[in-house]
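Trainee: Just so you know, we're using the numbering used here here: the sequence shown kicks off at 1195 and counts up by one.
First the structure, which I've put down as structure tokens, then a few questions once you've had a look.
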Amino acid sequence: MQLSIGGEWRAARSGETFDVNSPIDGSAIARAQKAAADDIEAAIEAAAKARADFR
């Protein structure tokens, strides 16, 4: 799974991922991007821009 930021799918800038495990048996069911601080900042900026455009 990639990060959805500003309407685009992208990999985490760190390139790190983590397994998403099933709560039923603990098996890995997906691999997700591990967002870092700069990914979070980009998401916040994209959300603020989208909100301003919506108004």
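Yeah, the Cβ is synthetic: ideal placement off N, Cα and C, and Gly gets one too.
No experiment lies behind these values; they were computed from the predicted model shown.
(1) Count the other CB atoms, across all protein chains shown, that sit within 10 Å of the CB of Q1227; report buried if there are 16 or more and exposed otherwise.
(2) Express the C-alpha separation of A1229 and L1197 in angstroms, rounding to a whole number.
(3) A1244 to A1222, Cα distance in whole Å?
(4) With a cut-off of 8 Å on the beta carbons, I'd call G1200 and A1240 a contact; round off their distance for me.
(5) Assuming contact is defined by CB atoms lying nearer than 7 Å, are D1233 and R1207 in contact in what I supplied?
Mentor: So, from the listed chains and residues:
(1) buried
(2) 8 Å
(3) 34 Å
(4) 3 Å
(5) yes
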